[in-house]
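This report refers to the structure that appears directly beneath it.
Numbering (my numbering), first residue to last: 4 to 225.
Listed below in structure tokens is the structure:
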């Protein structure tokens, strides 16, 4: 018996050692693969929900206002801009508005058609027509066809705000002075729209200094 143990003991111990090492290796590989396939959320105070947790990953970010879409999304968080459910058919009014936008005519003609159509629509569809005009308008049609309505006290504030958002896509020499005048609008939502645009261009400027900042910006575009 002692001879058997002496002869095969090291072989058995060696086999057990190799098996243990292989087992640990397989376990480590399996755990790594499972972790990569199901990555864990990074720890931050934003998802811990209590004070005093790790804060290294938390970096508050300002909203991106670098494009018309981003700015309107910031102004109207509930708005759906582009995309949507392709399986849901549009109602006849939405199709009519869509056909105007896609028509091969000038932006002035498109806005004129949308503004005329809006007069015949329900409030919800009227806002849709105004929003469409805001996205296709140029300086001339905005100032002649849309801006007067923004200042019309008879127009509901929510509709006026949708129209005012058209200022986003205008060239700087037109957009910025208009925003300064809209800061004097009696409705808070319109003033907020203008303030959001100005804040995007002059983030480090005091609100009281916007007129001088805009004047300097327009005088030195480069």
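Glycine included, each C-beta is placed from N, C-alpha and C at the ideal position.
Look at residue 140 here: in three-state DSSP terms it is coil, with no helix or strand label. Looking from the CA of residue 201, the closest CA among 185, 108, 155 belongs to 185.
A contact is defined here as three or more CB-CB pairs under 8 Å, and the segment 175 to 192 meets this definition with respect to the segment 215 to 223. Residue 153 sits in a helix when the DSSP states are folded into three classes. Secondary structure at residue 219: helix, using DSSP grouped into helix, strand and coil.
Within a 10 Å sphere around the beta-carbon of residue 171 sit 16 or more other beta-carbons, which makes this residue buried. In this structure, the alpha-carbon of residue 105 lies about 12 Å from that of residue 112.
With respect to residue 167, residue 193 sits close: the two C-beta atoms are nearer than 8 Å.
Here residue 208 carries a coil assignment [DSSP, helix/strand/coil]. In this structure, residue 134 and residue 149 do not form a Cβ contact; the two beta carbons are roughly 11 Å apart against a cut-off of 8 Å.
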